[in-house]
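Number 161 in this note's numbering belongs to position 57 of the sequence shown; there are no gaps in the numbering. Idealized CB from N, CA, C, for every residue including glycine.
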Amino acid sequence: MSTVTAPTATAAPAPARPRRRADGARIITVVAALLVALFVALPLYWMVATAFKSTGDVAADPPQYFPTHPTTANFGSAFHQYNFGRYIENSAVVSVIATLLVLGFGIFAAYALARLPVRGKAGVMMTLLMISLFPTVALAAPLYLLMRDIGWLNSYQGLILAYTALNLPFAIWILRNYFLAIPKEMEEVAWMDGASPVRTVVSIILPQAKPGIFTAGIFAFVACWTEFLIALTLDNDDAHRTIPVGIALFGGQFTTPYGTIFAASAVAMLPIAILVLVFRKAVVSGLTAGAVKG
């Protein structure tokens with residue numbers, strides 16, 4: 105008697121469409137990232153390349169994409185002919201002090217808005233957001249009149265006060281969001297031990313909030329270092345001019361030293377590049393952790 109064996113069931117092949125979609129999305133992401141990187145890198149390369157070009161190479165037609173006769177004369181001209189070293193010193197003093205003040209006030213204000221029972225907290229946060237988005241050009245004239253009345257035109261303290269006020273709201277937003285992402289149990293233990301809010305911030309919050317503090321500090325420093333309109337409005341004295349205003353005034357009535365301008369711009373970019381490279385992990389960590397809660 106013959107037996108009939110049933111055909112063995114074979115597993116159906118997995119559909120290839122989801123994997124193809126995933127591969128396509130990955131390719132699109134890589135291409136988009138490369139395009140963005142190229143879009144950012146090309147102006148930076150052109151700035152650095154032009155900084156090392158001679159006057160003839162800068163004015164060459166068609167443009168030269170590589171300096172055929174590299175020279176450092178443009179850097180010497182920026183420091184000796186246009187007093188660029190003084191502009192760097194002014195920007196460093198104003199930016200560092202303003203950043204420290206922003207962090208000092210912002211840490212305690214953000215902690216109060218994140219942890220303490222503050223009345224009208226939503227209204228305060230909305231007001232801070234509106235202030236941070238307010239156009240700077242609308243504040244230039246009132247700030248000029250204020251600094252003129254108190255005698256702080258052409259001074260460090262005038263710019264420091266203005267930069268602190270302009271950058272503090274955004275720093276509070278960043279720090280508050282980061283503080284909300286920190287577990288509250290350790291603070292509750294400190295409160296049970298009788299620690300004050302200030303002691304809690306110094307002993308518990310600051311060690312855990314370093315990435316968020318670095319992020320807020322770098323944003324504030326870059327904003328102060330690159331600000332132009334307020335510095336142009338409040339400082340007409342060459343002894344107190346910052347880098348953006350000083351570079352804008354390079355040249356004369358009939359000549360524009362593009363090589364010197366690009367050389368000074370490349371030097372001014374170095375502190376920002378160093379900060380980003382050194383603290384890039386802290387900045388990314390602070391931004392991602394601060395985005396968990398709002």
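What's the gap between the Cα of residue i and the Cα of residue j?
i: residue 280; j: residue 154; result: 42 Å
i: residue 340; j: residue 138; result: 42 Å
i: residue 222; j: residue 156; result: 56 Å
i: residue 331; j: residue 348; result: 7 Å
i: residue 135; j: residue 126; result: 14 Å
i: residue 402; j: residue 314; result: Limits of the chain in this structure are 105 at one end and 398 at the other, which puts residue 402 out of reach.
i: residue 294; j: residue 374; result: 42 Å
i: residue 178; j: residue 196; result: 22 Å
i: residue 124; j: residue 131; result: 10 Å
i: residue 256; j: residue 263; result: 9 Å
i: residue 160; j: residue 376; result: 30 Å
i: residue 372; j: residue 324; result: 16 Å
i: residue 311; j: residue 166; result: 56 Å
i: residue 129; j: residue 140; result: 16 Å
i: residue 215; j: residue 305; result: 8 Å
i: residue 286; j: residue 327; result: 27 Å
i: residue 201; j: residue 267; result: 10 Å
i: residue 301; j: residue 283; result: 14 Å
i: residue 229; j: residue 303; result: 24 Å
i: residue 145; j: residue 152; result: 11 Å
i: residue 171; j: residue 148; result: 15 Å
i: residue 225; j: residue 217; result: 6 Å
i: residue 238; j: residue 297; result: 43 Å
i: residue 210; j: residue 243; result: 21 Å
i: residue 219; j: residue 385; result: 26 Å
i: residue 158; j: residue 175; result: 6 Å
i: residue 360; j: residue 265; result: 33 Å
Just confirm the distance between the C-beta atoms of residue i and residue j, as a whole number of angstroms; I'd bet it's less than 8 Å.
i: residue 162; j: residue 363; result: 5 Å
i: residue 236; j: residue 273; result: 4 Å
i: residue 334; j: residue 247; result: 6 Å
i: residue 276; j: residue 232; result: 6 Å
i: residue 346; j: residue 191; result: 6 Å
i: residue 194; j: residue 344; result: 6 Å
Under a Cβ-count criterion, where at least 16 other Cβ atoms within 10 Å of its own Cβ denotes burial, should residue i be classed as buried or exposed?
i: residue 253; result: exposed
i: residue 198; result: buried
i: residue 291; result: buried
i: residue 173; result: exposed
i: residue 380; result: exposed
i: residue 184; result: exposed
i: residue 270; result: buried
i: residue 322; result: buried
i: residue 105; result: Confidence at residue 105 is low in this model, with a pLDDT of 46, below 50, so the placement of that residue is unreliable and no value is reported for it.
i: residue 227; result: exposed
i: residue 150; result: exposed
i: residue 358; result: exposed
i: residue 86; result: With the chain represented from 105 up to 398, any question about residue 86 goes unanswered, as that position is not in the structure.
i: residue 143; result: exposed
i: residue 182; result: buried
i: residue 169; result: exposed
With DSSP as the reference, label residue i as helix, strand or coil.
i: residue 378; result: helix
i: residue 372; result: helix
i: residue 273; result: helix
i: residue 220; result: coil
i: residue 283; result: helix
i: residue 161; result: helix
i: residue 256; result: coil
i: residue 312; result: helix
i: residue 339; result: coil
i: residue 345; result: coil
i: residue 141; result: helix
i: residue 185; result: coil
i: residue 291; result: helix
i: residue 261; result: helix
i: residue 356; result: coil
i: residue 297; result: coil
i: residue 169; result: coil
i: residue 268; result: helix
i: residue 174; result: coil
i: residue 361; result: coil
i: residue 331; result: coil
i: residue 319; result: helix
i: residue 207; result: helix
i: residue 237; result: coil
i: residue 179; result: helix
When you measure from the CB of residue i to every non-hydrogen atom of the ligand ATP, does any distance come out below 8 Å?
i: residue 288; result: Only the bare structure without any ligand can be found here, which leaves the ligand ATP out of the picture.
Check your understanding: Would the region 201-211 and the region 366-384 be scored as touching if the rule is three or more Cβ pairs under 8 Å?
Key -> Judged by Cβ distances under 8 Å, the region 201-211 makes no contact with the region 366-384, as fewer than three pairs qualify.
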